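*Asks:* In our numbering, the protein residues as written are 3 to 333.
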Amino acid sequence: GETMTMAPFVVKDKVLVGNSGGEFGVRGWLTALDPASGKVLWRAYSTGPDDEVLIGPEFKPFYSQDRGKDLGVHTWPPDAWKRGGGAVWGWISYDPELNLIYYGTSNPSPWNPEQRAGDNKWTAGIFARNPDTGQARWFYQESPHDLYDYDAVNENILIDLEVGGRTRKVIARAGRNGYFYIIDRASGEVLSAKPFLHVNTVAGIDLKTGRPNYVAEKKPVVGKVVRDQCPHAAGGKDWQPAAYSPQTRLVYIPHQNLCQDEEVTQANYVAGTPYVGAKVIMYAGRGGHRGVFQAWDPRTNRTAWEIRENFPVWSGALATAGNLAFYGTME
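#1: With distances taken Cα to Cα, identify the nearest neighbour of Y105 among Q117, P79 and T33.
#2: For P243, which residues from the same chain have a beta carbon less than 6 Å from its beta carbon, with the 5 sequence-adjacent residues on both sides left out?
#3: Of the choices Y183, F198 and V224, whose alpha-carbon is the least far from that of V192?
#4: Would you tell me roughly how many angstroms separate the C-alpha atoms of R139 and P63, rounded to the nearest one?
#5: Per DSSP, what are the beta-bridge partners of E311 in this structure?
#6: With 8 Å set as the bound, which would you pick, yes or no: does the beta-carbon of D36 sit closer than that to a beta-carbon of chain C?
#7: Out of curiosity, what's the CA-to-CA distance linking R292 and Y285?
#8: Do the stretch 74 to 91 and the stretch 115 to 129 touch if we need at least three Cβ pairs shorter than 8 Å?
#9: How big is the Cα-Cα spacing for A297 and A306?
#10: Using only CA atoms, which one of N215, L260 and L252 lies nearest to A327?
#11: Which of helix, strand or coil does DSSP assign to W113?
#12: For a test of the three-state rule: what should DSSP assign to L100, helix, strand or coil?
#13: Tell me, to the nearest whole angstrom, how far the beta carbon of Y329 is from that of P256; I am working on the premise that it is less than 8 Å.
#14: Going along the chain, which unbroken runs of the beta strand (DSSP E) with 3 or more residues stay wholly within the stretch 242 to 275?
#15: Pull up the DSSP beta-bridge partners for R131, would you.
#16: Unbroken alpha helix (DSSP H) runs of length 4 or more, entirely within the stretch 32 to 63: which are they?
#17: Output the distance between the C-alpha atoms of V165 and P214, rounded to the nearest integer angstrom.
#18: Is V75 helix, strand or coil by DSSP?
#19: Within 10 Å of its beta-carbon, does T203 have 16 or more other beta-carbons around it, so buried, or fewer, so exposed?
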């Protein structure tokens with residue numbers, strides 16, 4: 003069997019659904035269904051050969067490391083892609099002018115990175131696809147060879163933003179790796195990426211390649227407890243959606259302030275059981291609080307203001323035309 007946590011998303015004459023279960027060694031997919039009959043119209047896998055990922059002549063990724071044949075096979079150890087994760091358990095956005103959908107893929111399986119050498123395409127990244135055919139237009143891998151279960155399933159907020167003196171159609175997203183991204187949604191180019199909270203696992207994003215600079219001493223290693231990895235496995239921000247106000251031009255981000263100690267172990271695949279290979283202990287990050295509600299300015303890549311909470315802020319955010327922003331707490 004399979005699990006599903008996302009809400010279906012309707013685009014024109016198709017219902018889009020994806021699977022979950024990245025911690026169980028699934029093979030991630032997004033499927034388009036006929037709304038009247040439930041017939042499968044197309045299915046795009048997150049791992050495997052190009053024809054099953056729906057990568058064809060339309061695929062024009064911005065970064066060179068995402069170009070090449072059957073990278074969903076060749077960036078894995080033999081056959082590891084068949085249980086490699088990349089579930090599509092979160093959010094989908096749609097741009098009717100470009101006729102593209104945008105969604106993220108989850109972590110590669112297992113968490114233990116020593117068992118899956120390579121970039122592990124097409125996990126922990128963002129796909130842009132034609133909803134009519136499912137064919138991929140571009141892909142950006144937020145966390146190649148994801149070391150921390152950072153995924154890339156967070157919502158993609160579609161806004162028009164002035165960048166470099168001209169207005170660009172962009173994706174604004176607060177990633178689980180703790181970086182706030184501005185991405186050209188026509189091409190997949192990362193225009194900016196700045197940390198919106200304390201991060202010590204990634205020392206910046208190289209805008210020439212789009213790749214994160216992983217901090218060597220924070221990388222998980224079998225047989226060793228690596229301490230003080232920030233943010234923790236659920237990320238700086240997880241599934242709780244942020245909100246954008248076109249009036250204030252701020253993004254309101256509900257998120258955690260948690261770090262962890264991690265020890266990775268050998269994971270053995272048994273269908274229907276967890277396929278993880280990691281032990282983690284999570285605790286409050288800098289300042290001792292566990293949650294934050296933050297207003298972020300995507301024009302300056304700075305915090306406008308924030309409210310610190312005792313517990314993680316797991317609710318979504320709501321921004322209204324009346325210049326109010328709402329969120330919920332665990333208290």
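Each residue gets a CB set at the ideal place from its N, CA and C atoms; glycine is no exception.
A quick note: this is a predicted structure, and the numbers were derived from the prediction, not measured.
*Replies:* Reading it off the structure:
#1: On the sequence shown, position 103 is the one that residue 105 refers to. The candidate whose alpha carbon is nearest that of Y105 is T33.
#2: Residue numbering aside, residue 243 sits at position 241 when the sequence shown is read from its first letter. Taken in chain order, the residues that qualify are E157 and G318.
#3: The count along the sequence shown starts at 1 and reaches residue 192 at position 190. For the residues Y183, F198 and V224, the minimum Cα distance to V192 belongs to Y183.
#4: Residue numbering aside, residue 139 sits at position 137 when the sequence shown is read from its first letter. Residue numbering aside, residue 63 sits at position 61 when the sequence shown is read from its first letter. Cα-Cα distance, rounded: 7 Å.
#5: As a working mapping, residue 311 is identified with position 309 in the sequence shown. According to DSSP, which records beta bridges pairwise, E311 is partnered with G293.
#6: Protein chain content of the structure displayed is limited to a single chain, and chain C is not contained in it.
#7: Locating residue 292 in the sequence shown gives position 290, where the first residue counts as 1. Locating residue 285 in the sequence shown gives position 283, where the first residue counts as 1. Roughly 8 Å between the two C-alpha positions.
#8: With the rule of 3 Cβ pairs closer than 8 Å, the stretch 74 to 91 counts as touching the stretch 115 to 129.
#9: Numbered from its first residue, the sequence shown carries residue 297 at position 295. Numbered from its first residue, the sequence shown carries residue 306 at position 304. Roughly 5 Å between the two C-alpha positions.
#10: In the sequence shown, the residue the question calls residue 327 occupies position 325. Of the candidates N215, L260 and L252, the one whose C-alpha sits nearest the C-alpha of A327 is L252.
#11: Residue mapping note: residue 113 aligns to position 111 of the sequence shown, counting from 1. In the structure shown, W113 sits in coil (DSSP, three-state: anything other than H, G, I, E or B).
#12: Stepping through the sequence shown from its first residue, residue 100 is reached at position 98. Reduced to three states, the DSSP call for L100 is coil.
#13: One-based indexing of the sequence shown puts residue 329 at position 327. One-based indexing of the sequence shown puts residue 256 at position 254. Between Y329 and P256 a beta carbon distance of about 5 Å is seen, short of the 8 Å cut, so the two are scored as contacting.
#14: Whole beta strand (DSSP E) segments, 3+ residues: 245 to 247, 252 to 258 and 260 to 266.
#15: As a working mapping, residue 131 is identified with position 129 in the sequence shown. Note: R131 is bridge-paired with I103 and A138 in the DSSP secondary-structure output.
#16: List check, alpha helix (DSSP H) in window: 52 to 55.
#17: On the sequence shown, residue 165 is found 163 positions in, with the first residue counted as 1. On the sequence shown, residue 214 is found 212 positions in, with the first residue counted as 1. The alpha-carbon separation between V165 and P214 amounts to approximately 22 Å.
#18: By one-based count along the sequence shown, residue 75 stands at place 73. Under the three-state reduction of DSSP output, V75 falls in the helix class.
#19: Locating residue 203 in the sequence shown gives position 201, where the first residue counts as 1. A buried status is given to T203, since no fewer than 16 other beta-carbon atoms sit within 10 Å of its beta-carbon.
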